[in-house]
Amino acid sequence: MAKENEFVSQIADIETDFPQWYTDVVLKTKLVDYGPVRGTMVIRPYGYAIWENIQRELDKRFKETGHENAYFPLLIPMSFMTKEAEHVEGFAPEVAVVTHAGGEKLAEPLCIRPTSETIIGTMYAKWIQSYRDLPVLMNQWCNVMRWEKTTRPFLRTSEFLWQEGHTVHATEEEAMEETMKMLSVYEEVARTCLAMPVLTGRKTEKEKFAGAVATYGMEAMMHDGKSLQAGTSHYLGQNFSKAFNIQFSDKDGALKYGYTTSWGVSTRLIGGIIMTHGDQRGLVLPPVIAPVQAVIVPIASKKPGVLEACRALKGRLAEAGVRVTLDDSDNSPGWKFNEWEMKGVPVRIELGPRDLEAGKLLLARRDTHEKSEASLECAEAAVAALLDDVQQNLYLRAKARMESRIVSAETLDELLDGVNQGNFVRAGWCGCRACEDKVKEFAQATARVFAKEDTAERCVACGKKSAHTVIFARAY
RNA sequence: UGAGGUGUAGCGCAGUUUGGUAGCGCGCUUGGUUAGGGACCAAGAGGUCGCGUGUUCAAGUCACGUCACCUCAACCA
0 MAKENEFVSQ
10 IADIETDFPQ
20 WYTDVVLKTK
30 LVDYGPVRGT
40 MVIRPYGYAI
50 WENIQRELDK
60 RFKETGHENA
70 YFPLLIPMSF
80 MTKEAEHVEG
90 FAPEVAVVTH
100 AGGEKLAEPL
110 CIRPTSETII
120 GTMYAKWIQS
130 YRDLPVLMNQ
140 WCNVMRWEKT
150 TRPFLRTSEF
160 LWQEGHTVHA
170 TEEEAMEETM
180 KMLSVYEEVA
190 RTCLAMPVLT
200 GRKTEKEKFA
210 GAVATYGMEA
220 MMHDGKSLQA
230 GTSHYLGQNF
240 SKAFNIQFSD
250 KDGALKYGYT
260 TSWGVSTRLI
270 GGIIMTHGDQ
280 RGLVLPPVIA
290 PVQAVIVPIA
300 SKKPGVLEAC
310 RALKGRLAEA
320 GVRVTLDDSD
330 NSPGWKFNEW
340 EMKGVPVRIE
350 LGPRDLEAGK
360 LLLARRDTHE
370 KSEASLECAE
380 AAVAALLDDV
390 QQNLYLRAKA
400 RMESRIVSAE
410 TLDELLDGVN
420 QGNFVRAGWC
430 GCRACEDKVK
440 EFAQATARVF
450 AKEDTAERCV
460 ACGKKSAHTV
470 IFARAY
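Its first residue numbered 0, the first sequence is counted upward by one per residue in numbering that gives the first Met the number 0.
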């Protein structure tokens with residue numbers, strides 16, 4: 000037990016020092032390292048493998064909903080950025096600019112994309128002439144750069160990986176439908192793959208994307224009760240089509256501006272997974288996106304037959320589609336248990352001479368730390384069932400926690416109490432910016448999304464009859 | 001940008017008050033014994049003490065300058 004505590008002490012206390020806990024976990028589990036340029040992160044193989052699994056799940060759904068992948072350039076002429084007034088105002092402070100190339104000063108500065116609406120809009124204007132060209136449904140996987148003042152691995156970095164979907168439609172209705180459809184794709188992936196419950200809904204004017212007509216987001220509750228904006232889907236109306244001249248001849252012969260959308264999720268999702276499921280021992284990864292779903296730890300591996308049996312088991316599980324690793328390193332079993340637990344592997348299999356004699360194996364699950372036995376013959380089925388169960392349990396557990404921590408407030412004091420205790424707070428809002436700012440100043444909480452149902456009667460800040468019910472929270 | 005803090009082995013740190021041989025733990029290498037929750041023994045490798053200038057017989061330690069990073073605030077889809 001003393002050893003146990005010694006191990007745990009290597010990671011900061013999750014309850015009392017959550018930011019430090021988070022940093023410890025991402026560095027010690029070798030997900031990332033800090034890059035040489037301030038605010039950048041190096042995503043190591045173990046971290047990148049998580050991203051690849053998320054990519055795979057998202058990409059599958061994008062294809063199913065008719066989208067195609069494409070790629071647009073990293074460098075965007077500054078003049079593109081300035082075409083949409085709100086857009087440039089929103090992004091200008093955080094754009095990195097290339098001023099020199101080929102040993103000379105450039106005639107026009109180039110910005111490193113903070114997002115690609117402008118360059119994609121420029122290309123769409125060339126490609127679209129007729130209603131027959133619509134809808135255009137494209138997505139790109141790429142990196143973007145936003146020069147943030149303070150950064151934290153995965154949650155906010157200067158450069159990050161993401162996907163950005165950009166679509167053009169003939170009508171407002173169709174574009175709006177696309178916006179909501181992709182929001183629901185995100186919600187479904189968060190729920191079924193990341194085991195991460197989210198609140199979805201429209202965001203306020205203050206919180207919306209620069210240049211959008213409406214922004215919808217999904218917000219996830221982190222272990223400390225703060226909210227993480229885990230994905231956004233924007234209805235851009237004709238703002239960008241007018242700025243970039245995306246016009247088409249409609250069936251009636253009239254020249255019309257298209258209606259556009261954009262939507263994206265980033266490597267921030269990985270931060271969300273860590274902060275949703277992690278515990279005092281480190282990472283807890285949902286099986287669907289875990290780089291290693293099961294690890295085999297041989298016991299007394301030098302004894303005859305043990306290692307051979309472990310290799311055979313690994314082969315069988317891999318054959319059955321399990322991402323499985325055999326830890327045949329020289330470390331002691333206890334060391335391996337802790338190491339793989341810290342790395343969040345959902346299922347651990349212990350196999351030693353005693354098990355072989357009994358024709359059994361020992362299964363340990365990461366989420367509850369429960370151990371169980373299974374017969375060696377049915378290993379594939381037992382592991383598959385356990386992985387499913389872990390996936391389910393992680394979601395249900397996180398969902399129960401989130402739901403138990405959504406409270407209502409009638410006054411600013413109640414709201415402050417609520418967020419101080421790590422809750423999301425439902426409260427009325429009259430709709431004016433002054434009241435939204437007042438909440439931020441008073442409680443350091445922002446409006447995350449509009450609630451699905453309007454239940455509040457009075458604005459939490461000014462007491463007037465409320466127009467909306469909003470979920471307020473502190474946010475990452 | 002405002003306030004505070006830290007730079008010493010791969011990582012975490014002590015040493016700085018009062019100048020005098022460069023230290024500890026972990027990790028790493030080699031060999032051996034072990035093994036069901038971070039094993040043990042033995043031997044070994046690894047350092048321009050962030051950088052610069054100065055004071056001094058002598059600087060990790062004192063002075064001045066400079067750079068980097070961290071925390072809080074501010075900023076932030």
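Even for Gly, the Cβ is constructed at its ideal location relative to N, Cα and C.
Next item on the list: Would you mind sorting Trp50 into buried or exposed? The rule is 16 or more other CB atoms within 10 Å of its CB.
Entry: If you number the first sequence from 1, residue 50 lands on position 51. Trp50 is buried by the Cβ-count criterion.
Note to self: Could you compute how far the alpha carbon of Ala460 sits from the alpha carbon of Thr445?
What the structure shows: On the first sequence, position 461 is the one that residue 460 refers to. On the first sequence, position 446 is the one that residue 445 refers to. In a straight line, the C-alpha of Ala460 is about 13 Å away from that of Thr445.
Check: Closer than 7 Å: is that where the CB of Cys309 sits relative to any heavy atom of the ligand NAP?
Finding: The ligand NAP is not part of the structure shown, which contains no ligands of any sort.
Item checked: contact_flag[the stretch 200-216, the stretch 272-290] where n(CB pairs < 8 Å) is 3 or more -> no
Check: From what residue to what residue does the alpha helix (DSSP H) around Trp50 run?
Finding: Working through the first sequence from its first residue, we reach residue 50 at position 51. Counting along the chain, the alpha helix (DSSP H) containing Trp50 begins and ends at Pro44 to Glu63.
Note to self: I'd like to know whether the C-beta atoms of Phe247 and Lys82 end up nearer to each other than 8 Å.
What the structure shows: Position 248 of the first sequence, counting from 1, holds the residue named residue 247. Position 83 of the first sequence, counting from 1, holds the residue named residue 82. Taking 8 Å as the Cβ cut-off, Phe247 and Lys82 do not qualify as a contacting pair.
Next item on the list: Drop a sphere of 10 angstroms on the beta-carbon of Val485, count the other beta-carbons inside from all chains shown, and report buried for 16 or more, exposed for fewer.
Entry: No information on residue 485 is available, as it lies outside the stretch 0 to 475 that the chain covers here.
Next item on the list: Mark His99 as exposed unless 16 or more other C-beta atoms lie within 10 angstroms of its C-beta, in which case mark it buried.
Entry: Residue 99 sits at position 100 when you count from the first residue of the first sequence. With fewer than 16 other CB atoms across the displayed protein chains lying within 10 angstroms of its CB, His99 is exposed.
Notebook entry, point to check: What are the partner residues of Ile75, as DSSP defines its beta bridges?
Noted result: For this step, residue 75 is matched to residue 76 along the first sequence. Ile75 pairs with Cys110.
Check: Taking the Cβ atom as the reference point for each residue, do Ser226 and Ala474 lie within a distance shorter than 8 Å?
Finding: Counting from one through the first sequence, the residue named residue 226 turns up at place 227. Counting from one through the first sequence, the residue named residue 474 turns up at place 475. Yes.
Next item on the list: Starting from the N-terminal side, write out each stretch of the beta strand (DSSP E) that is 3 residues or longer and does not extend beyond the stretch 303-383.
Entry: 323-325, 346-350, 359-364 and 370-374
Note to self: Can you find the residues in the same chain that come closer than 7 Å, C-beta to C-beta, to Pro18, ignoring five residues on each side of it along the sequence?
What the structure shows: Locating residue 18 in the first sequence gives position 19, where the first residue counts as 1. Excluding positions up to five away in sequence, the list is empty.
Margin query: When you compare the stretch 142-153 with the stretch 230-244, are there three or more beta-carbon pairs, one atom per stretch, that lie closer than 8 Å?
Written below: At 8 Å Cβ cutoff, the stretches do not touch.
Next item on the list: Let me know the secondary structure DSSP gives Val87 once reduced to three states.
Entry: Within the first sequence, the letter at position 88 stands for residue 87. Correct three-state label for Val87: helix.
Checklist line | 8 Å Cβ cutoff met for Cys110 and Met77 | finding: Within the first sequence, numbered from 1, the residue matching residue 110 stands at position 111. Within the first sequence, numbered from 1, the residue matching residue 77 stands at position 78. Result yes, Cβ atoms of Cys110 and Met77 sit closer than 8 Å.
Checklist line | Contacting residues, own chain, Cβ-Cβ under 6 Å from Ile272 (five flanking each side not counted) | finding: By 1-based counting over the first sequence, the position of residue 272 is 273. Answer for Ile272: Leu193, listed in chain order.
Margin query: Using only the alpha-carbon positions, how far apart do Ala466 and Met195 sit?
Written below: Numbered from 1 along the first sequence, position 467 holds the residue referred to as residue 466. Numbered from 1 along the first sequence, position 196 holds the residue referred to as residue 195. Spanning the two alpha carbons is a distance of roughly 30 Å.
Item checked: Environment of Ser328 [buried if 16+ CB atoms lie within 10 Å] -> For the purposes of this step, residue 328 is identified with residue 329 of the first sequence, where counting begins at 1. Per the 10 Å Cβ criterion, exposed.
Check: Given 8 Å as the limit, is there contact between the stretch 424-437 and the stretch 180-189, that is, 3 or more CB pairs closer than that?
Finding: no
Checklist line | Identified DSSP bridge partners for Thr468 | finding: By one-based count along the first sequence, residue 468 stands at place 469. Looking at the DSSP output, Thr468 bridges to Gly427.
Check: Pick from Ala308, Arg310 and Thr324: whose alpha carbon is nearest that of Ala293?
Finding: As a first step, residue 293 must be located in the first sequence, where it is residue number 294. The residue with the shortest Cα to Cα distance from Ala293 is Thr324.
Next item on the list: Output the distance between the C-alpha atoms of Glu349 and Lys451, rounded to the nearest integer angstrom.
Entry: Walking along the first sequence from the start, residue 349 turns up at place 350. Walking along the first sequence from the start, residue 451 turns up at place 452. The alpha-carbon atoms of Glu349 and Lys451 are separated by roughly 47 Å.
Check: According to DSSP, what are the bridge partners of Thr260?
Finding: As a working mapping, residue 260 is identified with position 261 in the first sequence. Paired residues: Thr166 and Tyr234.
Item checked: Beta-carbon proximity list for Thr178, same chain, < 6 Å, skipping 5 on both sides -> Translated into positions along the first sequence, residue 178 becomes position 179. Here the set comprises Ser232, Tyr234 and Thr260.
Notebook entry, point to check: Does the stretch 398-412 come close enough to the stretch 156-166 that 3 or more CB-CB pairs lie under 8 Å?
Noted result: no
Next item on the list: Kindly indicate which three-state DSSP category Arg432 falls into: helix, strand or coil?
Entry: One-based indexing of the first sequence puts residue 432 at position 433. Correct three-state label for Arg432: helix.
Notebook entry, point to check: Would DSSP call Met274 helix, strand or coil?
Noted result: Position 275 of the first sequence, counted from the first residue, corresponds to residue 274. In this structure, Met274 counts as helix in the three-state DSSP scheme.
Notebook entry, point to check: Which whole-angstrom value describes the C-beta separation of Ile470 and Arg425, a residue pair presumed to lie in contact below a C-beta threshold of 8 Å?
Noted result: Within the first sequence, residue 470 is the residue found at index 471, counting from 1. Within the first sequence, residue 425 is the residue found at index 426, counting from 1. Right, their Cβ atoms sit about 6 Å apart.
Item checked: Where Met137 falls: helix, strand or coil (DSSP) -> Taking the first residue of the first sequence as position 1, residue 137 is located at position 138. Here Met137 sits in strand by DSSP.
Next item on the list: Give the single residue among Arg267, Thr203 and Lys125 whose Cα lies nearest to the Cα of Gln54.
Entry: Walking along the first sequence from the start, residue 54 turns up at place 55. Of the candidates Arg267, Thr203 and Lys125, the one whose C-alpha sits nearest the C-alpha of Gln54 is Arg267.
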